């Protein structure tokens, strides 16, 4: 009887793993079938107004890129503070708040940036979209920096200080160098996360059918356009949405796997 | 240089604090008109964007009279409005005008009950669906599978977590929902389909943290139980589960917090109608979806009501996540 219960339990557990894999397979299969059938290299050459995706892909990259330029330095320095400088309650308070912020609903962050930037500036803009994404990114970068720095052995720091280096030198030249790979992985994963975000962009950057590098105006976004296209009745729009989703997912998965590959090689 | 760097890092850390407070205050001040107007009754009021007649203290008895009185006012105010032949037409036009001008005769009221209920119900369905499967996957990864299989399957499950939520929405709408509605009847866009797709979304997240907390069980404990002749099931049930229980509950609550705020996957599937669902297969709306779909067109009180919803969502998820963080996950450490 005990052995039977054991067998049933193990079977159920394996079965649920299979369910999980089945969903992954199903979603990826749908994406590849639908995405590849409407995929064409001319999508990279035309803008949305001509039935292509070029402006959207470039726009999404720029938004995520600027968000990274804002989010990575802020997140890293905050992470360094928590791990290296902060003592006691304040540092751990910031750590907890950052963890909470990591799970804050992305649409609420969108609404926050809308009230903070879109309303005063009189309209949606690329800057607002990038700031919303940066706010999403900061806590993730803090979290990785914090946990990767905590893995650096104390002896390394002491050795640096014993050689007469200032604390700042020790952090920049020794601690960060030692934790470099882990932090880079974390940043790549954070980048992969924000590049696929839609909700914070809906009413901050919105999207645009035209190629644009002007961050003061509505800015083309791949994800927001996927949402718009997928809700249109025409079959051709939906096919384009699938092709865009395919490209987006491939980008996200490649960045994600690259991150994992780096860490694995390190080990 | 040293000093500058230290101050800079302190400033960045403080930014997190400022941002959180800033989010709360900004949402609160943007929601202020709606909070003043509807108060806490907002939470229990099921009507969204509904015209109601305001009864002035002088003639509470006859609201039709109040309407007529308002008619005369607007007609005299607006030169554009010609005195039409039929009363009905005047009424119609006036209603539209009043909508814009927020006149005293009628007003638009907003209540948050439908999206709040929709949010909670989709989250519950998602949890009910994801919980058993996620536990199974976690047990499989932590205890059953050989190391290399566990590694590969673990990565696959984490990749599932990396797929953008909008893709879950599209896939759910065009491929998953038709099957579900064939099985259970009802609409393709409904509480049920939205909840299930949401469940698929939080599944990998929940499985990954549960596996991590199961992995913290000391090998010595497990081995002693095996040595006493326990089966794998007994070891999991009597040793691993009690040991990592607090961490597992924490991971469930974190997943719940994530499900509460999810927008895109739900936006495709919930139907986006401000109607309380009577059956599980009825379409309704959730807070994030209400915001995603109505923010663009909203202005004035309507926009403020959406900010009120955002504030409620923010407070709920803040509470849920803090509970997980401070109570359960702290204990687990």
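Chains as they are written, first to last, in my numbering: chain A, 1 to 267; chain B, 268 to 600.
Backbone N, C-alpha and C fix where the C-beta goes; we use that ideal spot for every residue, glycine too.
Since this is a predicted model, take the numbers as computed values, not measurements.
Can you name the residues that DSSP bridges to residue 376 of chain B? B:317
Separation of residue 293 of chain B from residue 329 of chain B, as counted between CA atoms: Caution applies to residue 329 of chain B, whose pLDDT of 45 falls short of 50 and renders its modelled position unreliable; the value that the coordinates give is listed next. If you take the alpha carbons of residue 329 of chain B and residue 293 of chain B, they lie about 41 Å apart.
Let me make sure I understand the geometry here. Which of B:589, B:458 and B:450 has the alpha-carbon closest to that of residue 546 of chain B? The shortest CA-to-CA distance from residue 546 of chain B to any of B:589, B:458 and B:450 is the one to B:458.
Candidates B:567, B:536, B:273 and B:548: which alpha carbon is nearest residue 617 of chain B's? In the structure as shown, chain B starts at 268 and stops at 600, and residue 617 of chain B therefore has no counterpart that could be examined.
Leaving out five residues on either side along the sequence, give the residues of the same chain with a beta carbon under 7 Å from the beta carbon of residue 184 of chain A. 262
So if DSSP puts residue 538 of chain B in a beta bridge, which residue, or which two residues, is it bridged to? Under the DSSP definition of a beta bridge, residue 538 of chain B partners with B:551.
Which residues bound the alpha helix (DSSP H) around residue 304 of chain B? 269-305
Local Cβ density within 10 Å of residue 41 of chain A, reported as buried at 16 or more and exposed below that: exposed
Nearest by alpha-carbon distance to residue 442 of chain B: which of B:528, B:535 and B:402 is it? B:535
Got a sec: which bits of the segment 519-532 of chain B sit with their beta carbon under 8 Å from any beta carbon on chain A, in order along the chain? Correct list: 521, 524, 525, 527, 528, 529, 530 and 531.
Who are the Cβ neighbours of residue 559 of chain B in its own chain at under 6 Å, not counting the five residues just before and after it? 530 and 534
Expressed to the nearest angstrom, what Euclidean distance is found between the alpha-carbon atoms of residue 73 of chain A and residue 138 of chain A? Cα to Cα, the separation comes out at about 9 Å.
Pick from A:22, A:36 and A:166: whose alpha carbon is nearest that of residue 271 of chain B? In terms of CA proximity to residue 271 of chain B, A:166 leads the group A:22, A:36 and A:166.
Whole angstroms is fine: what's the gap from residue 9 of chain A's alpha carbon to residue 542 of chain B's? 42 Å
Would you list, in chain order, the members of the segment 272-290 of chain B that have their beta-carbon closer than 9 Å to a beta-carbon of chain A? 272, 273, 275, 276, 277, 278, 279, 280, 281, 282, 283, 284, 286, 287, 289 and 290
Would the segment 480-498 of chain B count as touching the segment 506-523 of chain B if we require 3 or more Cβ pairs under 8 Å? yes
Neighbourhood of residue 124 of chain A by C-beta distance below 7 Å, restricted to the same chain and skipping five residues each side: 118, 203, 204, 205, 206 and 218
Apart from the five residues just before and just after residue 224 of chain A, which ones in its own chain have a Cβ nearer than 8 Å to its Cβ? 198, 201, 202, 205, 206 and 207
Can you find the residues in the same chain that come closer than 6 Å, C-beta to C-beta, to residue 428 of chain B, ignoring five residues on each side of it along the sequence? 471 and 472
So what does DSSP say about residue 430 of chain B, is it helix, strand or coil? coil
Collapsed DSSP secondary structure at residue 456 of chain B in the structure displayed: coil
Taking a contact to mean a Cβ-Cβ separation below 8 Å, would you say residue 144 of chain A touches residue 187 of chain A in this structure? yes
Of the residues B:466, B:489 and B:409, which one's Cα is nearest the Cα of residue 475 of chain B? B:409
Please list, in chain order, the residues of the segment 132-164 of chain A that have any C-beta partner in chain B closer than 9 Å. 135, 138, 139 and 142
Going by beta-carbon coordinates alone, are residue 606 of chain B and residue 17 of chain A separated by less than 8 Å? Coverage of chain B is limited to positions 268 through 600, which leaves residue 606 of chain B absent and any answer about it impossible.
Length of the line joining the Cα atoms of residue 284 of chain B and residue 160 of chain A: 32 Å
Please state if the CB of residue 133 of chain A and the CB of residue 31 of chain A are separated by a distance shorter than 8 Å. Contact flag unset, no.
Residue-level contact to chain A via CB, residue 411 of chain B, 8 Å cutoff: yes
If you measure from the beta carbon of residue 431 of chain B to each beta carbon in chain A, is any gap under 8 Å? yes
Can you tell me where the alpha helix (DSSP H) with residue 513 of chain B in it begins and where it stops? 508-528
Within the 8 Å Cβ cut-off, does residue 293 of chain B reach chain A? yes
Counted within 10 angstroms of its Cβ, other Cβ atoms place residue 308 of chain B as buried (16 or more) or exposed: When all chains shown are included, residue 308 of chain B counts as exposed.
Assuming contact is defined by CB atoms lying nearer than 8 Å, are residue 511 of chain B and residue 385 of chain B in contact in what I supplied? Contact flag unset, no.
Is it a yes or a no for the segment 302-318 of chain B touching the segment 99-115 of chain A, going by three-plus beta-carbon pairs under 8 Å? no
Spell out whether any CB of chain C is found under 8 Å from the CB atom of residue 190 of chain A. No chain C appears in this structure, whose protein chains are A and B.
Would you identify the three-state DSSP class for residue 414 of chain B, choosing helix, strand or coil? helix
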